[in-house]
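Here the structure is laid out as structure tokens; the discussion comes afterwards.
There are 2 protein chains.
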Amino acid sequence: MRSAKGRDSIVAAALRVFGAGGIDSTSLREVAKAAGVSPALVVHHFGSKEGLVAAADEAALAGFATAYGAEQTARGPDLLRLRAEQTARVMQERPEACAYLGRALVEGTPGSARLFRLMIEGGRAEIEALAERGALREDTDRLWATLQHFFLIWAPLSFMPLLEQEALDGPLLERETLDRWVNANLDLLKEGLYR
Amino acid sequence: MRSAKGRDSIVAAALRVFGAGGIDSTSLREVAKAAGVSPALVVHHFGSKEGLVAAADEAALAGFATAYGAEQTARGPDLLRLRAEQTARVMQERPEACAYLGRALVEGTPGSARLFRLMIEGGRAEIEALAERGALREDTDRLWATLQHFFLIWAPLSFMPLLEQEALDGPLLERETLDRWVNANLDLLKEGLYR
DNA sequence: GGGCTGACTGAACATCTGTACAGTCTTGGC
DNA sequence: GCCAAGACTGTACAGATGTTCAGTCAGCCC
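Protein chains in written order, with my numbering: chain A, 1 to 195; chain B, 196 to 390.
Next comes the structure, spelled out in structure tokens:
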């Protein structure tokens, strides 16, 4: 079989290296070196750096798309907790994809725009469902509520280096830290900060 | 007087161009062209690109630092609203600085790390003060509450291009949108989303 | 075995990058 | 009026960047 081992290892290296150093400011040569491969092979497989980024987008999105696209049967605040834990699980399993997506979202790759749309649409649908069930306060700004969900979940990924260096004492995607994060989000969304 | 007009216009151009296209991936030459000046002059004034970034950090931070460092006399939730409106005012007055800071925070410039520390320390102090006054729920995770504050306020700046293109129909820092944003944040922090 | 397809490489390319340097033009102090 | 300081420019350079190209090698089909 014509091994696609090269191709796969390039994508994996791209997620790792782009996630760590940014997409625009990391060169094809760095990716190639990280994959243990010649720069020309990257072009051979993906046509251009743009093509490589598209492939990395695709690879990073896999898993999250299904976690967000799937219909849920749970209801009310339980739905919220279920979604959160689902996302957290995917995040913990694929930290390189998370680091990459965090970068991609702020650098505006085509794939990240797709993720954003997916999440906003999903989030909005969820909010509307909650509203219909009367679980939402009536004066809620639904667009901004959706965006707030998005920020609370995804911004930490984009700020990961800053966060880990200045505020946390370990990796963000470690089990314990991840749990604190998820619980803090659920707390805030359900009851607010003040009493 | 030996005009420092060149210097100032370079910093202004840097905020604009770096804010729009990212810092790492925007060249000195682009900044120079935007300032109507030769690339060599940029080096003359700032020594290197690193020096220019430091100057841009400084320029962007001015205003926010005072808004955040100042002691406040208001109490309780009013303090929260006051701070929010103060921040919003500065943001509205200096949109280029905001776009720049949004980028700087995710690219990890030294100045942005300073801003982050400033905000985290300020935020934590505020949370502690609220806790002492009994305004905080006791089981609140104070570290993550501080971080949530930070994300709700600053993440939109880093996601600005995505946000404006995919979710909003105008500039984020326009009066009306800014007000909705601030109100949504205060709502969420005070009472949560659900009832 | 012969030939084809596709993974893979090394060397080369034009261009862009940050920066250095030598020199000119402007201006304020004497 | 002169001079020194510093704002400012054009040119040049070494290295990095994305991409091209000719060519080698391994495995599959006939």
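For each residue, glycine too, the CB sits at the ideal point set by N, CA and C.
Just so we're clear, the structure is a prediction, and the values are computed from it rather than from any experiment.
Thinking C-beta only, is residue j closer than 8 Å to residue i?
| i | j | result |
| --- | --- | --- |
| Ser9/A | Asp57/A | no |
| Ala379/B | Asp187/A | no |
| Val106/A | Ser27/A | no |
| Leu358/B | Pro351/B | yes |
| Ala362/B | Ile120/A | yes |
| Val377/B | Ala279/B | yes |
| Arg298/B | Ile218/B | yes |
| Leu52/A | Leu115/A | no |
| Arg180/A | Trp339/B | yes |
| Val206/B | Ala250/B | yes |
| Gly318/B | Gly192/A | no |
| Gly258/B | Val285/B | yes |
| Lys200/B | Tyr194/A | no |
| Gly242/B | Pro161/A | no |
Residues in the same chain with beta-carbon distance under 6 Å from residue i, minus the five sequence neighbours each way, listed in chain order, please.
| i | result |
| --- | --- |
| His45/A | Arg7 |
| Pro39/A | Leu28, Arg29, Ala32 |
| Ala208/B | Val226, Ala229, Ala230 |
Tell me, please, whether the CB atom of residue i is closer than 8 Å to any CB atom in chain B?
| i | result |
| --- | --- |
| Asp57/A | no |
| Pro161/A | yes |
| Ser48/A | no |
| Ala167/A | yes |
| Ala155/A | yes |
| Ala113/A | yes |
| Thr87/A | no |
| Gly31/A | According to the sequence shown, residue 31/A is Val rather than Gly. With 8 Å as the cut-off, Val31/A does not count as an interface residue toward chain B. |
| Ala125/A | no |
| Arg180/A | yes |
At a Cβ threshold of 8 Å, is residue i touching chain A?
| i | result |
| --- | --- |
| Ser222/B | no |
| Ala379/B | yes |
| Arg289/B | no |
| Phe213/B | no |
| Arg312/B | yes |
| Thr335/B | yes |
| Asp219/B | yes |
| Ala340/B | yes |
Apart from the five residues just before and just after residue i, which ones in its own chain have a Cβ nearer than 7 Å to its Cβ?
| i | result |
| --- | --- |
| Arg211/B | Ala229, Glu291 |
| Phe213/B | Thr221, Ala251, Tyr295, Arg298 |
| Val43/A | none |
| Lys244/B | Leu223 |
Hey, would you say the C-beta of residue i is under 7 Å away from at least one heavy atom of the ligand FAD?
| i | result |
| --- | --- |
| Glu50/A | Absence of the ligand FAD is noted for the structure shown, with no ligands found whatsoever. |
Excluding the 5 residues flanking residue i on each side, which residues of the same chain have their C-beta closer than 8 Å to its C-beta?
| i | result |
| --- | --- |
| Gly21/A | Glu30 |
| Arg2/A | Reliability of the predicted coordinates at Arg2/A is poor, the pLDDT of 46 falling under 50, and the value obtained from them is presented with this limitation in mind. Result list for Arg2/A: empty, nothing under 8 Å. |
Open item on the list: With three or more C-beta pairs closer than 8 Å as the rule, is the segment 124–135 of chain A touching the segment 365–373 of chain B?
Closed with: In short, these stretches do not touch, since the Cβ pair count stays below three.
TODO: Please specify which runs of the alpha helix (DSSP H), each continuous and at least 4 residues long, are wholly inside the segment 54–130 of chain A, giving them in chain order.
DONE: With a minimum length of 4 residues, the unbroken runs of alpha helix (DSSP H) contained wholly in the segment 54–130 of chain A fall at 64–69, 76–93, 95–107.
Open item on the list: For a minimum of 3 consecutive residues, which ranges assigned as the beta strand (DSSP E) are wholly contained in the segment 128–154 of chain A?
Closed with: Taken in chain order, the segment 128–154 of chain A contains no complete beta strand (DSSP E) segment of 3 residues or longer.
Task: 4-residue-minimum alpha helix (DSSP H) runs that sit fully inside the segment 201–244 of chain B, ordered along the chain - done: Segments of the alpha helix (DSSP H) lying fully in the segment 201–244 of chain B: 223–230, 234–241.
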